[in-house]
Amino acid sequence: MPARAPSDAAARAAALDPRRSFVVQAPAGSGKTELLTDRILALLATVQRPEEVVAITFTRKAASEMHARVMKKLRDGDGPRPEAGEEHKLRSWELAHRVMQRDAELHWDLLRYPARLAIRTIDSFCAWLVRCMPWSSALGGMPAICDDAREHYAAAARATLALADDQDAVQRFLAHMDIDLRAAQDLIAGMLGNRDQWLPLLGQGADAQTLLEHLDDAIEEDLSGLRGCMPAGWAQQLAPWAVQAARNATPPQGGMLDLAALEDWDGQAFEARMPDLPRWQALARLLLTATGGLRRSVNKNQGFPPKSAHKEPFLQWLQSHDEGEPWVERLAAVRLVPGQGYDAQQIETLQALIAVLWLACAQLSLRFAQAGEVDFIEISQRALRALGQADDPGELLLRLDASIRHLLIDEFQDTSQSQIDLLERLTSGWEPGDGRTLFLVGDPMQSIYRFRKAEVGWFLKVQEQGLGGIELEALRLTDNFRSQAGVVDWVNRVFAPMFPAVPDAAMGAIPYTPSVAFNVALAGPAMQFHPVMPAEGAGTAPDEGDEDEDSGPPDEDSEAIAVRLAREALEQDPDGAAPVAVLVRARSHLGSLVRRLGEAGIPCRAVELVPLASRQVVSDLVQLARALAHPGDRLAWLSVLRAPMCGLTLASLHALFGDEHGRAPAAVLEQWRRRDAQGASGLEPGEAARLRLAAAVLLDGGNRSGAMPFAAWLEDCWRRLGGPAAYPAAGDRADVESVLRLIETLAPYGGLDPAELDRQLQRLYAAPNEAGRAVDVMTIHKSKGLEFGTVILMGLHRRPRGDTAPLIRLEQSEGRLLLGPIRAKASEQSDPVSAYLAEREKKRASHETDRLLYVAATRARDRLHLIATVTPGDEGLKRPPATSLLGRLWDQLEIPQLPPRVAEPQGELPLAAAAPPRRLLRLRNAGLPRPVALGAVHDFETVGAPSVGARVAGTPVAGTPVAGTPAIGSEAAEAWAPGVSPAGAFAAVAAIVRKGSGAWVWPAEAGYEALAGTVAHAWLERLGRDGLAQWPAARIEASLEVIRRQLSRAGVAQADQDEAARAVSGTLLATLASERGRWLLQAAGAHREWSLLDVSGRVSVIDLAISEEGGWLVVDYKTGVPQEGESPGAYADRMAERYAGQIQRYCRQVEALDGRPARGALYFPRADLWVEC
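Straight run, no breaks: the sequence shown in the numbering used here ends on number 1208.
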């Protein structure tokens, strides 16, 4: 029986026509990525080179997923036709099969050269443009890119304000700011962070008149939207009554409305022009109340005295209309429109601001040049400069015009103004019928990234008008393949009336497009609402007039419901992928849910929710860093000695430091060591043993010279103390690595600033510990693009934190810039223009809140649960605040009967039993690493000790974990990865120091792995040079003793040589057994063990660089494998983060040779893992 075709099959088939250009609206669950990858296949079958098809998306994750899907389809297309019953795969197979035929015909070899598929992020595409034309972009090459440029913005702002003595504009600007340098600096820095919004629109000759013209354009656009929404025949019907009312109220006296603008109304509809604005505003005053609703009664103050003939027909007209009609809200908004624009003083201030901003941009350019790095905005702007203009194209645009024939853009609803400019520039030379196509796909109903400057209005505009000179056919997908019919039907019913009925690109108003369920309905309710009554004494849900809040007291009832629902979902779906997720609007809305899930024994995976600084392992590592950085940091030293790695009791700490308030802890510890050497430790034997280990590490002076990076020294001390044994979980290891890399950036060779470290840690989040089936907990924004069997929405009654009124209002949309006058520091009042812009922003935020809810609801495949606190009132339940998610849903929900409130017990309450004492969590004495004393950095000798960090078998742990702290058992302790041995990891340091170079290279792997990697690289270079025929597997196995001798000469400790030799041999054998490995060894045009020198004199030895038709492929071999319990995906992500900087440096050096782009990858033969960086 043939598979049922979706109802939108015709639209899906049309979208694969390689001769036509489309803009496709693809709602949630409609198979957008599937359609996009099929379109790529359809286009590949028509081109001469695969690079002629360019697909662009907005995140690395999306680009990676799209690339992986295309490659899988190509591999399937190279195989047999799908079997009967798999008709849904047939179309993709046919498309891929044609591509593979084309591949064979034109010798593309895509399966061996997957990088020829041009699937990029928008940022990487812009960076590629800059690299292609360093002269045209005015950057002279590809600088480093910083993710957080706020420090550069602040520095440029300070430099700009320092010009006050020489620049009159800066003086006038500061005078308006009441000489508040901090506020002035923050304003300029904030504007620099948004310069992609205003810089292209404020040309070198721009002045305040340009802003006034933009303001008038926006007002007239609002009037045009209002005029189009007004009821049929409104002008002819209202004019006679309005004229009479205006004459009765002229001149206005004592509470009468000012309706003078309507006195001469001739019955013609008002124009959407500025001269008619007073009439529109007078009409709003006549028809609407002060709160924006339709009038239901009138009197003499509105121009309707008793028994007036025009009163009854006027009221009948009003009663024939509903307040929910779109024109009512639009007419109410007209009352706030600033008809007079800017006054003279505001124009003068704005003129000064424009001049100051241009000075700030110049200062920022200087700052970037000094720092040798730029932000993504700069890359995007320089890419546009390299392309030139449509009427004056640059050399790069002419080259791209010939090389790019098909352009595909994913998530088009999230594009910004600068990205639209880039697309228009790239397609400016395209002509109808020339065989080039543009394919835009996205879902405006899922546009939730205004904070990233996304403008959903562009989707509406392009649907109607096309992009640049390209006409696009609009297609809409309707079938939802993700959710069961019950979920789809509920979403359609609830969101159709919530979304605006009339589109408005400027306001981000997107009408709802219903979906059609492809899957059948499941038994039982698809959505359940779980209202929670506020506990006695816990307050109530906020009323509309309450202060904004985004957090509150823990809602134990809501959390208990969420825990129960999560447990049920896991039990009902034991084998499904991503069985259940808890979604919240903001991180603070979770309360203590993550902890309660852990206490209930439910595995939980919190995605970017737990601040890194809050993790115990991070706290202990940071305290160790502070102790190593400063011998007098008493709190840090005591914290380290109390931490699980050492675990001294409070009694021991008091005996050591209780009377030592004036001496540095390091001096006290050194004195204790001398007493201990004489047999007078003053501590219990077990405590003394712990302190000897800690003292040997903390007082080690082996890195006084600073030749070893501070982060490397910190990691070594952490391992010698036993940190990996105390915190063996994969999430803990990832958190430790995040802290070490942060410290490596902040304090490469010491001089750690604890305050700056704390500030930077607040921006980072802990890695989730759970890698298998678990309850996913995340914000709604993080859930976009994902799906779960059951979705639980929590905290719907909470509102977001209220925005602080900015010193300046800025709005940029559709090529228009609106600026509110800078509010004087001493002024508390908002001017009309700023009030108008604030109201427009409020409307946009309201529309995006509805879309955010839609995204959350459409993540569910089977069940959706809503949890919120409701407040009883005098007549039923109080209406929730409109800014909360519950307030947006309120009119569409059927409120179930509330559970009865539990009665308070009468009489005296018994005292709660005392909580058990918190016990110290620490490693047992038998599991402590043996102390190791390192000599001076140029010696690297150990004294009577095994390799540092050697595996501790069966490490037992004493004590009971505190609630919320992971328990440490013997099995977990056995998973402790091998650490760094003095003869191993420090050998590289010794070599460098002996050479006197003074340079340090961060060890890429722990333990002997770095040295084993060096030996393995030399062997791989020889295998590639000699040819695979010369090196069968048997010959490599016979060379094991040779490999062992080489490792010994390289500095690998004798105890590690057997394991290291097996690792090298395993790497070579795995490479020969892998199809990808053999291809790398046989690749033509390959440079192996290639030494390159950059302009700074730094030498890089590149394992493998392959010259391809479209550029360079740089490969770095790695001998590592995932740690025990670590998934390949998690290991790949961790390695990509660790080596991204190294690979990017290699790519820059290779690109500098001939200007061709380079891409980099890590290859792990032992895991057969390929990681693109």
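Yeah, the Cβ is synthetic: ideal placement off N, Cα and C, and Gly gets one too.
Item                                                                                                                                                                        : Value
What three-state label does DSSP hand HIS565 in the structure shown?                                                                                                        : strand
How is HIS1052 classed by DSSP in three states: helix, strand or coil?                                                                                                      : helix
Quick check on the burial criterion: 16 or more other C-beta atoms within 10 angstroms. Buried or exposed for PRO1067?                                                      : exposed
Report yes if the C-beta distance between ARG314 and ALA296 is below 8 Å; otherwise report no.                                                                              : yes
Run through DSSP, which three-state label would ALA980 get?                                                                                                                 : Legend: pLDDT at ALA980 = 29, less than 50; position of this residue unreliable, no value from coordinates given.
Sorry if obvious, but does the Cβ on LEU1188 come closer than 7 Å to a heavy atom of the ligand GDP?                                                                        : This structure lacks the ligand GDP, and indeed carries no ligand of any kind.
Please report the Cβ distance between LYS108 and THR72, rounded to the nearest whole angstrom; I am assuming they are in contact, meaning their Cβ atoms lie under 8 Å.     : 6 Å
Would you give the residue range spanned by the beta strand (DSSP E) that ARG420 belongs to?                                                                                : Careful: ARG420 lies outside any beta strand (DSSP E), inside the alpha helix (DSSP H) at 411 to 422.
Between LEU512 and ASP144, what straight-line distance do the alpha-carbon atoms span, to the nearest angstrom?                                                             : 34 Å
Going by DSSP, which residues form a beta bridge with THR156?                                                                                                               : THR92
Going by C-alpha distance, which of ARG844, ALA664, GLN658, ASP299 is nearest LEU676?                                                                                       : GLN658
Taking 7 Å as the limit between beta carbons, can you name the residues of its chain near ALA406, skipping five residues before and five after?                             : HIS187
Just to confirm the assignment: which complete beta strand (DSSP E) runs, minimum length 3, are found wholly within the region 810 to 858?                                  : 810 to 814, 823 to 828, 845 to 848, 851 to 854
So the alpha helix (DSSP H) GLN454 belongs to, where does it begin and stop?                                                                                                : 452 to 461
By the DSSP assignment, the alpha helix (DSSP H) with TYR800 in it spans what residues?                                                                                     : Careful: TYR800 lies outside any alpha helix (DSSP H) and carries neither H nor E.
Tell me whether the beta-carbon of LEU756 lies closer than 8 Å to the beta-carbon of SER773.                                                                                : no
On a CA-only basis, which of LEU557, TRP362, ASP436 is nearest VAL537? Give me that one, please.                                                                            : TRP362
Once you ignore the five residues that flank SER716 on each side, which residues in its own chain have a CB closer than 6 Å to its CB?                                      : ALA723
Buried or exposed: where does GLY1146 fall if 16 or more other Cβ atoms within 10 Å of its Cβ makes it buried?                                                              : buried
DSSP on ARG1194, reduced to helix/strand/coil?                                                                                                                              : strand
Please state whether DSSP places ILE214 in a helix, a strand or coil.                                                                                                       : coil
Excluding the 5 residues preceding and the 5 following ILE1220 in the sequence, name in chain order all residues of the same chain whose CB lies nearer than 7 Å to its CB. : In the structure as shown, the chain starts at 36 and stops at 1208, and residue 1220 therefore has no counterpart that could be examined.
What is the DSSP secondary structure of TYR547, reduced to helix, strand or coil?                                                                                           : coil
What number of angstroms, rounded off, separates the C-alpha of ALA1008 from the C-alpha of GLY1048?                                                                        : Annotation note: pLDDT 29 at ALA1008 (below 50); position unreliable, coordinate value reported separately. Cα to Cα, ALA1008 sits roughly 26 Å from GLY1048.
From LEU371 to GLN316, what does the alpha carbon distance come to, in whole angstroms?                                                                                     : 9 Å
Does the separation of the CB atoms of LEU1082 and LEU1046 fall below 8 Å?                                                                                                  : yes
Would VAL522 pass as a contact of LEU899 if the rule is Cβ separation under 8 Å?                                                                                            : yes
Counting beta carbon pairs with one atom in the region 698 to 715 and one in the region 661 to 680, are three or more of them shorter than 8 Å?                             : yes
Check this for me: beta carbons of PRO907 and ASP514, under 8 Å apart or not?                                                                                               : no
Along the chain, which unbroken stretches of the alpha helix (DSSP H) at least 4 residues long are found entirely within the region 1154 to 1203?                           : 1163 to 1189
What are the start and end residues of the alpha helix (DSSP H) that includes TRP233?                                                                                       : 230 to 233
In whole angstroms, what is the alpha-carbon distance linking ASP1061 and HIS1052?                                                                                          : 14 Å
Less than 8 Å separating the beta-carbons of GLN381 and GLN847?                                                                                                             : no
Which residues mark the beginning and the end of the alpha helix (DSSP H) in which TYR889 is found?                                                                         : 867 to 892
Evaluate GLY1112 with the Cβ neighbour count: other Cβ atoms within 10 Å of its Cβ, from every protein chain shown; 16 or more gives buried, anything less gives exposed.   : buried
Would you tell me roughly how many angstroms separate the C-alpha atoms of SER982 and GLY1195, rounded to the nearest one?                                                  : Residue placement at SER982 is flagged as unreliable, the pLDDT there being 31, under the threshold of 50; the coordinate-derived value follows with that caveat. Rounded to the nearest angstrom, the two C-alpha atoms are 34 Å apart.
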